[in-house]
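Heads up, the thing below is written out as structure tokens.
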Amino acid sequence: MTTTHSHWQRFTLKQKLSRYSVYLILLIALLQSIRTVEVIPEFFYDAPEQMADMFTRMWPIDFAFYSISVHDAMIETLNIATLGTLVTLIFALPLALMNASNVVSSPFSHWIARFFLVSSRSVNSLVWALLFVAIFGPGVIAGVLAIAFRSVGFVGKLLAEAIEEINMGPIEALRATGASWASVLLKGYWPQILPAFFSIVLFRWDINVRESAVLGLVGAGGIGVVLNDAMNLFEWQRVAMALLAIFAVVILAEIVVVQIRKKLI
Amino acid sequence: MTAATDISNAPNALKILGLQKEYIPGKPILKGINIEINTPGIIAIIGPSGTGKSTLLRCINRLIEPTAGEIIFHQSNLCLAKGRQLRQLRRHVGMVFQEYNLVERLSVIENVLTGRLGYMSAWQAWRRKFSQDDIDMAFQLLEAVGLTEHANKRADSLSGGQRQRVGIARAVMQDPHILLADEPTSSLDPKTAVEIMELLEKFAEEKNIPTLVNIHDVNLARRFAKRMIGMSDGIVVYDGAPEGITDDHLKQIYGGESWLV
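Written out as structure tokens, the structure reads:
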């Protein structure tokens, strides 16, 4: 008596071979990239010493510097982040609606929306800032627009996904009452995406606070300008003050966002 | 077509002529439906799943686009209505759904009030400017369905049976000349199912409107319907009094017979 065995394998031989060759290629790529980055060993081994040196120069933190220029610059940074997020909404909402297949069914509209969303996301906010500083000159406006242009892609994309995930049942029901398209949008779609909307916008605002802190490095206003100047003048105690302020504000922003989100959802 | 000449002028008359629907070309799900409705009361549409009952109801208010045929309502062909005209016709066709389809994050009373959206501009809807008459009517309807004390609760805090009551109140809020109910009891327990059918019957009589109910529970259909329409494979195979439906008809509609006790 022989029992017949069922034969089962997750992958065929050919699939196995192709999987292992991918691993091999990854390994070769890793080794090759280590060779090309050319780490200078002297600098590398020296790093802990340099770091300790920098911390001693930063200490004691120049707290007096806060009221001199950090405070105003920090407020400016928060303004850039908040205004930038608000400007984002003007563009992100229509693009999200155009990109959601359960709102607009035309592939042409999806294609246009996707084009703008992807181009917004593919450029870093620092690069946007460089562009806008060149156009509007250094200052807050360049910062606000840089933040807004970078955020449109992020907010628009996530919002479109949130819209596509809603339950279409109530939409069907409202259409059946004879409601106009705009009324269905207001009473059917909006209540369903409301939690996601605030969650996404607050999350992006949180990111924008951090991003706008850096924008000053290219002259787009805010705390980054102060940080950059202090670094160029080797005023490490002031640099420490600016970094501490950024850290504190980021933590505060996080706490505020978590609290608001809890209330809304 | 001369069909338009002989239909009754009553506002709640509905005439379906040669209605066809194909989701995939060459594979019709509705193969020429002819139904004439002009008497109030519950009309049950029975038939197995996938036979096109839901498609038929959704063709009537054009949530689904029919492929061919005519639906005459208010002396006009619903199949050709567009834009504002379609919305105005839809106002008078109330619909109740299997999964209730309430806007879950809105309150119960606001869900009932959304039945009036067809009569308002989006600007009014946004500011929640419902007329006093609408608000009075919404509260009366909530009382009629027994949910007065739940008015300000969020719709998602209600049970299935309660949600369906809200769904019915919303449909009646539209001031419908005809009601469509797509499997309104299928997600509910037997006792609640009967209560929901009683409620539909009550409104059909009070408002004097025909109520088309898709239902697969034959006994429930027999108990409440004044007229039954049996559908099988995209065509109407029985249309008449509930008493007239025999086991042979049921065999033809559902296929097999082991389920007939």
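Residue numbers (full-length UniProt numbering), protein chains in the order written: chain A, 1 to 265; chain B, 1 to 261. Here a beta-carbon is modelled for each residue, glycine too, at the ideal position from N, C-alpha and C.
Per-residue contacts from residue i into chain A (C-beta, under 7 Å)
i: B/W126; result: L186
i: B/G115; result: T177
Best match in the options for proximity to residue i [C-alpha to C-alpha]
i: B/G41; options: B/D217, B/S258, B/R222, B/V237; result: B/R222
i: B/P176; options: B/L89, B/I33, B/K82, B/I215; result: B/L89
i: B/S187; options: B/Q162, B/L17, B/I178, B/V172; result: B/Q162
i: A/E172; options: A/V184, A/E164, A/E165; result: A/V184
i: B/C59; options: B/Q75, B/L17, B/P25, B/S159; result: B/L17
i: B/G234; options: B/M173, B/A125, B/Q252; result: B/Q252
i: B/R116; options: A/S180, A/E165, A/R57; result: A/S180
i: B/V112; options: B/M173, B/C79, B/W126; result: B/M173
i: B/D189; options: B/L200, B/R170, B/P210, B/D217; result: B/D217
i: A/T82; options: A/V22, A/V250, A/D206, A/G156; result: A/D206
i: A/V127; options: A/L117, A/V140, A/S106, A/F149; result: A/F149
i: B/E243; options: B/G230, B/G255, B/M197; result: B/G230
i: B/Y23; options: B/I33, B/A44, B/W123, B/I64; result: B/I64
Per-residue DSSP class, three states only, for residue i
i: B/L17; result: strand
i: B/T55; result: helix
i: A/Y20; result: helix
i: B/D38; result: First, the amino acid is wrong: residue 38 of chain B is Asn here, not Asp. Coil, per DSSP.
i: B/D189; result: coil
i: A/E49; result: helix
i: A/S105; result: coil
i: B/E195; result: helix
i: A/N228; result: helix
i: A/F203; result: helix
i: B/T5; result: With a pLDDT of only 38 at B/T5, under 50, the local geometry of the prediction cannot be trusted, and the value read off the model is given with reservation. The answer is helix: DSSP assigns B/T5 an H, G or I state.
i: B/P25; result: coil
i: B/K31; result: strand
i: A/M58; result: helix
i: B/P210; result: strand
i: B/V145; result: coil
i: A/R35; result: helix
i: residue 274 of chain B; result: Outside the displayed range of chain B (1 to 261) lies residue 274 of chain B, so it cannot be described from this structure.
Residue i: contacting residues in chain B (beta-carbon distance under 9 Å)
i: residue 321 of chain A; result: Past the edges of chain A, shown from 1 to 265, lies residue 321 of chain A, and the structure says nothing about it.
i: A/G224; result: The premise fails here: A/G224 is roughly 40 Å from chain B at the closest Cβ pair, so nothing lies under 9 Å.
i: A/S105; result: Under the 9 Å cutoff, chain B gives no residues; its nearest Cβ is about 12 Å from A/S105.
i: A/S101; result: Within 9 Å Cβ-Cβ: nothing; A/S101 doesn't reach chain B, min ~17 Å.
Residue span of the alpha helix (DSSP H) that contains residue i, given as start and end
i: A/R10; result: Counting along the chain, A/R10 falls outside any alpha helix (DSSP H), and DSSP gives it neither H nor E.
i: A/T4; result: Element bounds for A/T4: n/a, residue is neither H nor E.
i: B/N101; result: Unbroken run through B/N101: none, as it is neither H nor E.
i: A/P94; result: 71-99
i: B/I235; result: Looking at the DSSP string, B/I235 is not in any alpha helix (DSSP H); the run it does join, the beta strand (DSSP E), is 235-240.
i: A/K262; result: 236-264
i: A/F149; result: 140-164
i: B/K251; result: 247-254
i: A/I68; result: No alpha helix (DSSP H) contains A/I68, which DSSP labels as neither H nor E.
i: A/M168; result: 168-176
i: A/A182; result: 181-184
Residue i burial status per 10 Å Cβ neighbour count (16 or more: buried)
i: B/H150; result: buried
i: A/D72; result: exposed
i: A/G178; result: buried
i: A/Q192; result: buried
i: A/M54; result: exposed
i: B/R227; result: buried
i: B/N208; result: exposed
i: A/S212; result: buried
i: B/P25; result: exposed
i: B/N214; result: buried
i: B/I109; result: buried
i: B/S54; result: buried
i: B/N101; result: buried
i: B/T5; result: Low confidence applies to B/T5: its pLDDT is 38, below 50, so where it sits in the model is not reliable enough to give any reading.
i: A/A182; result: exposed
i: B/W259; result: exposed
i: A/T56; result: exposed
i: B/G83; result: exposed
Interface partners of residue i on chain A, CB under 9 Å
i: B/M95; result: E172, A173, A176, T177
i: B/Q174; result: A176, T177, G178
Beta-carbon neighbours of residue i, restricted to chain B and to distances below 8 Å
i: A/Q192; result: V103, E104, R105
i: A/S199; result: Those within 8 Å of A/S199 in chain B number zero; the least Cβ separation is about 14 Å.
Interface partners of residue i on chain A, CB under 8 Å
i: B/R91; result: T177, G178
i: B/N61; result: A176
i: B/E99; result: G169
Segment limits, beta strand (DSSP E) that includes residue i
i: B/S232; result: 227-232
i: B/I178; result: 178-182
i: B/E110; result: Here B/E110 belongs to no beta strand (DSSP E); instead the alpha helix (DSSP H) covers 108-113.
i: residue 262 of chain B; result: As shown, chain B starts at 1 and ends at 261. That puts residue 262 of chain B outside it, with no answer to give.
Interface residues of chain B facing residue i [CB-CB closer than 7 Å]
i: A/A122; result: The question names Ala, but residue 122 of chain A in the sequence shown is Ser. Near A/S122 there are no residues of chain B at all, since even the closest Cβ is about 35 Å away, more than 7 Å.
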